[in-house]
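Scroll down for the structure; my scribbles are underneath it.
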Amino acid sequence: MGSSMNRKPITIVGAGLAGATAAALLKDRYAVTVIEKEHKHGGLCADARGWQECGPHAFHTDDEEVWEFVQRLAEWRPFVLRVHVQTDPALRVLPYRRDDDPAFRIYSEKAWGLPFAELPASIRARVPGQCEDGRTGYHAGRYRAQPEGGYSAMIARMLHGVTILGFDRRVCGADHPVIWTGNLNDATPELPPLRWFGRQWFRGDGRIDSGGHIVNHATWTVPQLRSWDNGKINPWHVGRGVGVEFAGDRPCYPHPDDAGEAQRRVSELRARGVWCCGRMGGYQYLDMDATIRNVMDTIKEAGL
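So the sequence shown is numbered by our numbering: it starts at -13 and just counts up by one.
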């Protein structure tokens, strides 16, 4: 490891999972500066005692390299995501495949604001076609776990030793490589903003008792719910709780109709030495393991 005085500079925009991954991978070889406009790190994965503002997330992957990477960052506890789908009895028709199930079509349409048939295949494919065990199995992956202490603690370790500054768009004109993991709109303010579906959560009073991690009320009139039970789901959560999801102003899901324009902007920025990746920077809907993989691949492509 060389002296920090001799290391070449790299700027990373965004201190969420993607930006923290880039920092963790590069900070031993470069003088890394992270630019973050929020008052805290973590992005969509930020949590407090295991509870995330955007819902409690489950980490699952088949990617050996990604799994080996996160093993260095936290202690992980095995975790199997359980989904309890509550629908009107008329919709419960067995046997079925989930991509034909009205319950999951309605859930997806509420989340994305588009008819199920108009969603990209990559989004529709995230829902397993066949249940593993009746109506509760979800998320494939050889490795399925949660980080001890939550994601914010893990991301803090990833950012340890890195200089973190407030947001400054002028970084796009820097004379050194930039990895952009923040909102792509902030990199191109002179252009019409790309559309995002905003999602937010608030904590309920915990009166719903469920052995599952997520309770999807797949009707148009009832919001999505997520529940957890201390000692059964995430042992570091405090007590039992329920989160209610609703449409909000926090960018979460990229609009499929803007994907082509987004990739055009990503290509133009790349030609200027600004490498966009992650969910927010790459305007992609990525699971956590796919976000880490996307950052790894971007760093290799950039020759860093």
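Where is the CB? At the ideal position from N, CA and C, for every residue including glycine.
Note that the structure is a prediction, hence the values are computed from the model and not measured.
{"Query": "Let's test the definition: count the other Cβ atoms within 10 Å of the Cβ of His162 and tell me whether it reaches 16, buried, or not, exposed.", "Result": "exposed"}
{"Query": "Cutting at 7 Å between CB atoms, please list the residues of its own chain near Asp119, excluding the five before and the five after it.", "Result": "Confidence at Asp119 is low in this model, with a pLDDT of 46, below 50, so the placement of that residue is unreliable and no value is reported for it."}
{"Query": "Identify every residue that forms a DSSP beta bridge with Val52.", "Result": "Bridge partners of Val52: none, in fact."}
{"Query": "Around the C-beta of Pro179, are 16 or more other C-beta atoms found within 10 angstroms, so that it is buried, or is it exposed?", "Result": "exposed"}
{"Query": "To the nearest angstrom, how far is the alpha carbon of Met239 from that of Leu105?", "Result": "Reading the sequence as shown, one finds Tyr at residue 239 and not Met. If you take the alpha carbons of Tyr239 and Leu105, they lie about 12 Å apart."}
{"Query": "On the criterion of 16 or more Cβ atoms from any shown chain inside 10 Å, does Trp206 qualify as buried, or is it exposed?", "Result": "exposed"}
{"Query": "Bridge partners of His46, per DSSP?", "Result": "Arg130"}
{"Query": "Per DSSP, what are the beta-bridge partners of Pro163 in this structure?", "Result": "BP columns for Pro163 are empty, so no partner."}
{"Query": "On the CB-based measure, 16 or more other CB atoms within 10 Å of its CB, does Leu177 come out buried or exposed?", "Result": "exposed"}
{"Query": "Any idea if Gln270 is buried or exposed, counting beta-carbon neighbours within 10 angstroms, 16 or more meaning buried?", "Result": "buried"}
{"Query": "According to DSSP, which residues form a beta bridge with Val20?", "Result": "Ile(-2) and Ile150"}
{"Query": "Take the Cβ of Gln57 as the centre, count every other Cβ of all protein chains shown within 10 Å, and call the residue buried at 16 or more, exposed below.", "Result": "exposed"}
{"Query": "Output the boundary residues of the beta strand (DSSP E) element that contains Val353.", "Result": "Look at the range of the chain in this structure, -13 to 290, and you will see that residue 353 is not part of it."}
{"Query": "Can you list, in chain order, the residues of its chain with a C-beta nearer than 7 Å to that of Asn169? Leave out the 5 residues immediately preceding and following it.", "Result": "Pro237 and Met266"}
{"Query": "Suppose contacts are defined by Cβ-Cβ distances below 9 Å. Is Asp283 in contact with Cys263 by that definition?", "Result": "yes"}
{"Query": "Rounded to the nearest angstrom, how far is the Cβ of Trp291 from that of Val(-1), given a contact under 8 Å?", "Result": "Examination of residue 291 is not possible in this model, given that the chain is present from -13 through 290 alone."}
{"Query": "Do you know how far the Cα of Asn(-8) is from the Cα of Pro242?", "Result": "43 Å"}
{"Query": "Can you check which of these residues, Glu287, Ile21, Asp14 and Ala6, is closest to Leu151 by C-alpha distance?", "Result": "Ile21"}
{"Query": "Whether or not the segment 126 to 142 and the segment 18 to 34 are in contact is what I'm after, with contact meaning three or more pairs of Cβ atoms, one per stretch, closer than 8 Å; do they touch?", "Result": "yes"}
{"Query": "If distances are taken between C-alpha atoms only, which option among Gly184, Val281 and Arg256 comes closest to Asp235?", "Result": "Gly184"}
{"Query": "Taking the continuous beta strand (DSSP E) assigned at Arg63, which residues delimit it?", "Result": "Trp62 to Pro64"}
{"Query": "Under three-state DSSP, which class holds Gly184?", "Result": "strand"}
{"Query": "Look at Met144 and Ala10 and say whether their C-beta atoms are less than 9 Å apart.", "Result": "yes"}
{"Query": "By how many angstroms is the C-alpha of Phe188 removed from the C-alpha of Val230?", "Result": "6 Å"}
{"Query": "Under a three-way DSSP split, which group does Gly99 fall into?", "Result": "coil"}
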